[in-house]
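Worksheet: one structure, shown below.
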Amino acid sequence: MSRFGVSVAIAASLCAGFLWSAQQRPLPATGWAAAFLFLAVEHDVRSMRIPNWLTFGGLAVALGWAGVTGGGELLGQALAGAGIALALLFVPFLMRWLGAGDVKAMMVLGALWGAENLASALFWIIVAGGLLALLLVAGRGELPDLLGRWWRSLWITLSSRHITYFAPAPGSAAGGGLPFAVAIGIGASVHQIWGFPWA
33 MSRFGVSVAI
43 AASLCAGFLW
53 SAQQRPLPAT
63 GWAAAFLFLA
73 VEHDVRSMRI
83 PNWLTFGGLA
93 VALGWAGVTG
103 GGELLGQALA
113 GAGIALALLF
123 VPFLMRWLGA
133 GDVKAMMVLG
143 ALWGAENLAS
153 ALFWIIVAGG
163 LLALLLVAGR
173 GELPDLLGRW
183 WRSLWITLSS
193 RHITYFAPAP
203 GSAAGGGLPF
213 AVAIGIGASV
223 HQIWGFPWA
């Protein structure tokens with residue numbers, strides 16, 4: 033199967049799971065979110081990036097939809113959701129844990145879901161991203177290197193009282209990143225089934 037076929041299959045599977053999970057605790061604008069997630073996952077799996085035309089276009093549609101269907105109140109909630117996504121994910125972006133497309137994709141979903149729903153869904157999205165990253169690293173046999181780098185970073189940070197981080201080698205699984213849109217789709221689906229764990 034071609035890379036395009038694989039990316040479409042993964043995107044379709046995640047969107048089907050997202051729509052199925054909406055039976056429990058549906059997030060607002062489920063249809064719009066599913067369409068956006070399909071395109072974001074497909075592009076991210078195929079090219080390891082989420083294009084600007086998709087994120088900026090998605091944000092414009094989300095804000096326009098909010099303004100038309102709910103007036104100023106819903107538009108304010110959409111802007112707050114996008115703003116919360118940017119605020120919460122700006123530091124991970126600066127640390128290079130997330131790409132700019134990942135942050136902008138979460139801003140689109142924040143505009144569709146609102147600040148409160150985004151904040152609780154983000155918990156599951158981060159859990160899914162962490163688990164996917166560990167699976168990717170372990171699948172390539174690089175888990176001992178990852179744990180060793182983290183241990184050395186922690187040890188030197190504590191002993192020198194200066195934050196120290198040993199970056200992964202270029203070309204390694206940890207250094208190559210992962211298509212975070214997959215984690216977004218999985219985390220959003222889990223949120224619709226279980227909600228926020230401490231609510």
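If you're matching positions, the sequence shown starts at 33 in our numbering and goes up one per residue. By construction, the Cβ of each residue, glycine as well, lies at the ideal position given by its N, Cα and C atoms. Just so it is clear, the structure is predicted and the values come from calculations on it, not from any experiment.
First through last residue of the alpha helix (DSSP H) which encompasses residue i
i	result
His223	Phe212 to Trp226
Phe88	Asn84 to Leu126
Leu46	Arg35 to Ser53
Leu130	No alpha helix (DSSP H) contains Leu130, which DSSP labels as neither H nor E.
Glu174	Run containing Glu174: none; DSSP gives neither H nor E here.
His75	Thr62 to Ser79
Ala205	Ala205 to Gly208
Cα-Cα separation, residue i to residue j
i	j	result
Thr196	Ala98	44 Å
Gly173	Arg181	14 Å
Gly142	Leu186	34 Å
Ala66	Leu51	7 Å
Ile157	Ala205	20 Å
Leu166	Gly90	30 Å
Leu86	Phe198	34 Å
Phe70	Trp183	38 Å
Leu121	Met33	34 Å
Ile188	Ser221	39 Å
Gly133	Asp76	9 Å
Gly171	Ser192	33 Å
Phe228	Gln56	13 Å
Gly131	Leu46	20 Å
Ala110	Val100	12 Å
Leu178	Gly102	48 Å
Trp64	Pro176	41 Å
Whole-Å CB distance - residue i paired with residue j, under 8 Å assumed
i	j	result
Ile218	Ala137	With a Cβ gap of about 14 Å, Ile218 and Ala137 do not count as contacting.
Met139	Ala117	4 Å
Ala72	Thr62	In fact, because the Cβ distance is near 15 Å, the residues do not count as touching under 8 Å.
Gly161	Ala92	About 26 Å separates the two Cβ atoms, so there is no contact after all.
Leu163	Leu210	So it is not a contact: roughly 11 Å between Cβ atoms.
Leu144	Pro60	6 Å
Pick from the options that is closest to residue i, judged by C-alpha positions
i	options	result
Pro200	Thr101, Arg128 and Ala61	Arg128
Leu95	Ala114, Arg78, Met80 and Pro202	Ala114
Arg35	Leu106, Ser221 and Glu74	Glu74
Met80	Leu179, Leu163, Ser39 and Ile188	Ser39
Gln224	Thr189, Phe68, Gly203 and Asn149	Asn149
Leu8	Ala147, Ala132, Phe70 and Gly171	Residue 8 falls outside the range modelled here, since the chain spans only 33 to 231, and no answer is possible.
Phe212	Arg78, Val100 and Ala48	Arg78
Trp226	Phe155, Ala110 and Ala43	Phe155
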